[in-house]
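The next block holds one structure in the form of structure tokens; read it before the comments.
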Amino acid sequence: MKLAIVCVAICLLVTGCGQSSGQPKSTAAKEVVRTDAAPISKRLSKLGALQAVWWTSTQVTTDSALSPPGNPAYRVVGFAQLEKGKADELSQQFQWQQVPPDWKPALTITNLNLDSATWSQSPAFAKDYKPQQIPGKLFFERLKGVVYFDLEIE
Numbered sequence: 038m039k040l041a042i043v044c045v046a047i048c049l050l051v052t053g054c055g056q057s058s059g060q061p062k063s064t065a066a067k068e069v070v071r072t073d074a075a076p077i078s079k080r081l082s083k084l085g086a087l088q089a090v091w092w093t094s095t096q097v098t099t100d101s102a103l104s105p106p107g108n109p110a111y112r113v114v115g116f117a118q119l120e121k122g123k124a125d126e127l128s129q130q131f132q133w134q135q136v137p138p139d140w141k142p143a144l145t146i147t148n149l150n151l152d153s154a155t156w157s158q159s160p161a162f163a164k165d166y167k168p169q170q171i172p173g174k175l176f177f178e179r180l181k182g183v184v185y186f187d188l189e190i191e
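The opening residue of the sequence shown carries number 38 in my numbering; numbering runs sequentially from there.
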């Protein structure tokens, strides 16, 4: 009988240790925000010389029919700070449609102060400034001269 009580007590302790504490688990690694401009300038070269960039990449496929071995696809999201002249040129060159005010970029960068940003899109801008073989979207904050990109790159 004592052995049965001890076994039950041990089982209760073991199962009690495995219960959740009610706090969320941090299973995903923190995304690293990169600031090297070369990979972005290479793919969005028509944006000209970039003043600064902030971006992350997440592998979305690997070794599948869509992504053969050794050629994975990545979702690349980030911001590109344009030179003032280029931002002014783009503001005038395209017909811009404001996105809904509740839309927010999937990446947050505190040093850009985009809390009150007014984002716009232009199909002509995306067609001219994003290579057509790269799926994704471009958004433009005209007053700050910032382009937000959300692309899938192999």
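Cβ atoms here follow ideal geometry from the backbone N, Cα and C, with glycine treated the same way.
Keep in mind it's a predicted model, so treat the numbers as computed, not measured.
- Around the beta carbon of Lys167, 16 or more other beta carbons sit within 10 angstroms, so the residue counts as buried.
- For the pair Ala110 and Thr98, the CB atoms are nearer than the 7 Å cut-off.
- Taking C-beta separations shorter than 8 Å and ignoring five residues to either side along the sequence, the partners of Ile146 in its chain run Val70, Trp91 and Phe116, following chain order.
- Burial state of Ala161 is exposed, judged by a 10 Å Cβ sphere holding fewer than 16 other Cβ atoms.
- Rounded to the nearest whole angstrom, the CA to CA distance from Trp140 to Ser159 is 15 Å.
- Per DSSP, the continuous beta strand (DSSP E) segment holding Asp187 begins and ends at Val183 to Ile190.
- Lys174 carries a strand assignment under DSSP once its states are collapsed to helix, strand and coil.
- Rounded to whole angstroms, the separation of the alpha carbons of Gly182 and Ser128 is 9 Å.
- Contact between Ser157 and Phe177 holds, since their C-beta atoms are separated by about 5 Å, short of 8 Å.
- Here Leu188 is near Gly173, since their CB atoms are less than 7 Å apart.
- Here Pro137 is exposed: its Cβ has fewer than 16 other Cβ atoms, across all protein chains shown, within 10 Å.
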